[in-house]
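Peer 1: Residue numbers (our numbering): 725 to 843.
For glycine and all other residues, C-beta sits at the position ideal for the given N, C-alpha and C.
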Amino acid sequence: MNLEVINHLIDNEHYIMEKAADCGLDGSISLIVAQILRDNNGELSSIKGKQIYHYENVIRPLLEEVVCEGPIGFVEDEDGNYESSCINGGIVDDESLYQAYLEEDFKCQTCRYDAEKMH
Ligand SMILES: [Zn+2]
Numbered sequence: 725m726n727l728e729v730i731n732h733l734i735d736n737e738h739y740i741m742e743k744a745a746d747c748g749l750d751g752s753i754s755l756i757v758a759q760i761l762r763d764n765n766g767e768l769s770s771i772k773g774k775q776i777y778h779y780e781n782v783i784r785p786l787l788e789e790v791v792c793e794g795p796i797g798f799v800e801d802e803d804g805n806y807e808s809s810c811i812n813g814g815i816v817d818d819e820s821l822y823q824a825y826l827e828e829d830f831k832c833q834t835c836r837y838d839a840e841k842m843h
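1) Does at least one heavy atom of ligand 1 sit under 7 angstroms from the Cβ of K841?
2) Per DSSP, S808 forms a beta bridge with which residues?
3) Measure the C-alpha to C-alpha separation of I753 and V791 and round it to an integer number of angstroms.
4) Report yes if the CB atom of Y825 is closer than 8 angstroms to the CB atom of V729, and no otherwise.
5) Are there 16 or more other CB atoms within 10 angstroms of the CB of E780, so buried, or fewer, so exposed?
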């Protein structure tokens, strides 16, 4: 578990609060679950019952399923749907994640590199 990112999420609680609201969950509980995980080195056995539900629905997506915007952001496809221009799986990799949160620039390593080349 990326503790650097968990710490950042706890310090900037709007990420957790918004995600919890999307799921119809009480964000203050999700936040407590995040704190428990941080205080226990990300050890999943430190949470139980409903806390696991908060982890699965609110916290884990913010750690492992953050969508990469792609080097040129979201683009419209032939059917009028907006899709990420990422060609590298569409998920921000763990190594780029902390930087992505810090800069609020959600790109995977490949897209970050591609975007820099374009400037
Ligand atoms: Zn990408």
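Peer 2: Quick look at the numbers:
1) It does not: the Cβ of K841 is nowhere closer than 7 angstroms to a heavy atom of ligand 1.
2) Bridge partners of S808 according to DSSP: F798.
3) Near 24 angstroms, if we compare the C-alpha coordinates of V791 and I753.
4) The answer is yes: Cβ separation under 8 angstroms.
5) It is exposed - the Cβ of E780 has fewer than 16 other Cβ atoms within 10 Å.
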